[in-house]
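Student: No gaps in the numbering here: position 64 of the sequence shown is 64 in full-length UniProt numbering, and each next residue is one more. One structure, as structure tokens, below. Some questions next.
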Amino acid sequence: MDEQAPNTRRDLTSWWRNFKRGNQKRIFGVPLHTSIRYANVAISLQDNEGKSYVYGYVPIVVAKCGVFLKEKATNVEGIFRLSGSEKRIKELRQAFNSPDRYGKGLDWTGYTVHDAANILRRYFNQLPEPIIPLEFYERFREPLRCHQSQAVGHMDGQSPSEGHFDADETIRTYQTLITELPPLNRQLLLYILDLLAVFASKSDLNKMTTPNLAAIFQPGILSHPAHDMSPPEYRLSQDVLIFLIENQDHFLIGMQGTEADEKTVQEVESGPPTPATVT
């Protein structure tokens, strides 16, 4: 009996540790509108009078990785294609998943840019719903449906172009669509478009061309489970993302109509909702 007691205590300790972890608020695999309330970075801008205001919020993991990658990785060849260390990526996941800081004070010493790039991709790919919600999926694809080759310059476009393609009108259409997205989704979309455009501008060094970036990030930004096994469908979604990245200067953070509304600010600032009491 005595020899078994330590094992029993260890089992109980392990169970309790796992139980607590299971009840912690996490960010990976959690809806954006839920995790943002306890793991966010505020984006502050200045109005025309020079006064600072809260424009919106992005997840801590996105902000931390984005800043680190912009500073250290724009010239790194294959930055989003090459794998990092699974051990270090697991450590980063734990850091960004853990309350109360959720990685806000993370020191990147000992981690590589490939670790950061991988954890960023995994965060997006593990969102329960893409950054562009499913209800907007076809609306974002429709403007390019019959104009893929004209819009993104494919010599082997998957669908024939029909009629005249007006790039300026299409840009305006996407500007309107972006303003109609839920506030947290549109701000995250603009943030990631800005990040991808930075890397695309250095593609002569990092080999991350716009089509390469679109192929990598499309699943977490614009996808639908019904089209996962349909190459023509996800090619269209990739072409939409290519168009958005190539014209990113028309879809800027701070774009009119994209700031967080007062209700969203209040909800985020109020923190996580109090669990309902079951009686």
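For every residue, glycine included, the Cβ atom is placed at its ideal position computed from N, Cα and C. A quick note: this is a predicted structure, and the numbers were derived from the prediction, not measured.
#1: Which stretch, first to last residue, makes up the beta strand (DSSP E) that contains Q46?
#2: Could you tell me which whole beta strand (DSSP E) segments of length 3 or greater appear in the stretch 39–100?
#3: Report yes if the C-beta distance between L45 and Y38 is below 7 Å; otherwise report no.
#4: From G103 to A95, what distance separates their C-alpha atoms?
#5: Short of 7 Å in beta carbon distance, which residues of its chain neighbour F140, apart from the five on each side in sequence? Order them along the chain.
#6: Grab me the residues of I60's own chain with a C-beta within less than 6 Å of its C-beta, minus the 5 sequence neighbours each way, in chain order.
#7: Quick one, are the C-beta atoms of L213 and L188 less than 7 Å apart?
#8: If you draw a straight line from the C-alpha of V268 to the C-alpha of Y57, how long is it?
#9: Could you spell out the range, first to last residue, of the alpha helix (DSSP H) harbouring F118?
#10: Check each candidate in T264, S270, I242, N125 and name the one with the smallest Cα separation from D228.
#11: Taking a contact to mean a Cβ-Cβ separation below 7 Å, would you say T209 touches I245 in this structure?
#12: Let's see if you can read the secondary structure: which residues bound the alpha helix (DSSP H) around S35?
#13: Which of the three DSSP states, helix, strand or coil, is assigned to F165?
#14: For A73, is the classification buried or exposed, using 16 other Cβ atoms within 10 angstroms of its Cβ as the cut-off for buried?
#15: Which whole-angstrom value describes the C-beta separation of G66 and N118, a residue pair presumed to lie in contact below a C-beta threshold of 8 Å?
#16: Among I253, T173, D261, which has the Cα closest to the Cα of I43?
#17: So what does DSSP say about Q158, is it helix, strand or coil?
#18: Taking 7 Å as the threshold (C-beta atoms), are F251 and L190 in contact?
#19: L252 by DSSP, collapsed to three states: which one?
#20: Do V76 and N185 have their CB atoms nearer than 7 Å?
#21: Look at the alpha carbon of R88 and the alpha carbon of K51, and state the distance between them as a whole number of angstroms.
#22: Can you tell me whether K202 is helix, strand or coil according to DSSP?
#23: Applying the 10 Å Cβ sphere with the 16-neighbour rule, what's the burial state of P143?
#24: Below 6 Å CB to CB, which residues in the same chain sit around R122 once its five sequence neighbours on both sides are set aside?
#25: Quick check: the Cα distance between R26 and H164, rounded to an integer number of angstroms?
#26: Mind reading off the beta-carbon distance from L92 to H114? Whole number of angstroms is fine, and I expect it under 8 Å.
#27: According to DSSP, is residue 291 part of a helix, a strand, or is it coil?
#28: Alpha carbons only, please: which of L120, Y53, D47, F136 is nearest the one belonging to T179?
#29: Y137 lies in the alpha helix (DSSP H); which residues open and close that run?
Tutor: Taking the structure as given:
#1: Taking the sequence shown and counting its residues from 1, the one referred to as residue 46 is at position 46. Element bounds for Q46: 40–46.
#2: The beta strand (DSSP E) runs lying completely inside the stretch 39–100 and spanning 3 residues or more are 40–46, 52–59, given in chain order.
#3: The residue labelled residue 45 in the question sits at position 45 within the sequence shown. The residue labelled residue 38 in the question sits at position 38 within the sequence shown. Taking a C-beta distance under 7 Å as the contact criterion, L45 and Y38 do not qualify as a contact pair.
#4: Here residue 103 refers to the residue found at position 103 of the sequence shown. Here residue 95 refers to the residue found at position 95 of the sequence shown. Whole-angstrom Cα-Cα distance: 5 Å.
#5: Numbered from 1 along the sequence shown, position 140 holds the residue referred to as residue 140. Excluding positions up to five away in sequence, the list reads I132, L177, L222, V240.
#6: For the purposes of this step, residue 60 is identified with residue 60 of the sequence shown, where counting begins at 1. Within the same chain, I60 has close Cβ partners A39, V41, Y102, G103, K104.
#7: For this step, residue 213 is matched to residue 213 along the sequence shown. For this step, residue 188 is matched to residue 188 along the sequence shown. For L213 and L188, no; Cβs fall outside 7 Å.
#8: As a position in the sequence shown, residue 268 is number 268, starting the count at 1. As a position in the sequence shown, residue 57 is number 57, starting the count at 1. The C-alpha of V268 lies about 8 Å from the C-alpha of Y57.
#9: Indexing the sequence shown from 1 puts residue 118 at position 118. The question names Phe, but residue 118 is Asn in the sequence shown. Segment 113–125, the alpha helix (DSSP H) holding N118.
#10: On the sequence shown, residue 228 is found 228 positions in, with the first residue counted as 1. Checked all of T264, S270, I242, N125; the closest Cα to D228 is N125.
#11: Working through the sequence shown from its first residue, we reach residue 209 at position 209. Working through the sequence shown from its first residue, we reach residue 245 at position 245. No Cβ-Cβ contact shorter than 7 Å links T209 with I245.
#12: Taking the first residue of the sequence shown as 1, we reach residue 35 at position 35. First-last of the alpha helix (DSSP H) with S35: 32–35.
#13: On the sequence shown, residue 165 is found 165 positions in, with the first residue counted as 1. Three-state DSSP puts F165 in coil, outside helix and strand.
#14: As a first step, residue 73 must be located in the sequence shown, where it is residue number 73. A73 is buried by the Cβ-count criterion.
#15: Position 66 of the sequence shown, counted from the first residue, corresponds to residue 66. Position 118 of the sequence shown, counted from the first residue, corresponds to residue 118. Their Cβ separation, rounded to whole angstroms, is 14 Å, which puts G66 and N118 out of contact at 8 Å.
#16: Taking the first residue of the sequence shown as 1, we reach residue 43 at position 43. Considering only alpha carbons, the answer is I253.
#17: For the purposes of this step, residue 158 is taken as residue 158 along the sequence shown, with counting starting at 1. Annotation note: pLDDT 46 at Q158 (below 50); position unreliable, no value reported.
#18: Your numbering for residue 190 matches position 190 in the sequence shown. Your numbering for residue 251 matches position 251 in the sequence shown. With contacts defined as CB atoms closer than 7 Å, L190 and F251 qualify as a contacting pair.
#19: Counting from one through the sequence shown, the residue named residue 252 turns up at place 252. Assigned with DSSP and collapsed to three states, L252 falls in coil, not helix or strand.
#20: By 1-based counting over the sequence shown, the position of residue 76 is 76. By 1-based counting over the sequence shown, the position of residue 185 is 185. Against a cut-off of 7 Å, the Cβ pair of N185 and V76 comes out as no contact.
#21: Counted from its first residue, the sequence shown places residue 88 at position 88. Counted from its first residue, the sequence shown places residue 51 at position 51. Answer to the nearest angstrom: the Cα atoms are 41 Å apart.
#22: Sequence index remark: in the sequence shown, residue 202 carries index 202 (1-based). Coil at K202, not helix or strand.
#23: As a first step, residue 143 must be located in the sequence shown, where it is residue number 143. Counting Cβ neighbours within 10 Å, P143 comes out buried, since at least 16 surround it.
#24: Taking the first residue of the sequence shown as 1, we reach residue 122 at position 122. Closer than 6 Å at Cβ, skipping near neighbours: no residue.
#25: Locating residue 26 in the sequence shown gives position 26, where the first residue counts as 1. Locating residue 164 in the sequence shown gives position 164, where the first residue counts as 1. Rounded to the nearest whole angstrom, the CA to CA distance from R26 to H164 is 48 Å.
#26: By one-based count along the sequence shown, residue 92 stands at place 92. By one-based count along the sequence shown, residue 114 stands at place 114. So it is not a contact: roughly 11 Å between Cβ atoms.
#27: The question about residue 291 has no answer here: the residues shown for the chain are numbered 1 through 279.
#28: Reading the sequence shown from its first residue, position 179 is the one you call residue 179. Of the listed residues, the one whose Cα sits closest to T179 is F136.
#29: Locating residue 137 in the sequence shown gives position 137, counting from the first residue. Where Y137 is concerned, the enclosing alpha helix (DSSP H) stretches over 137–141.
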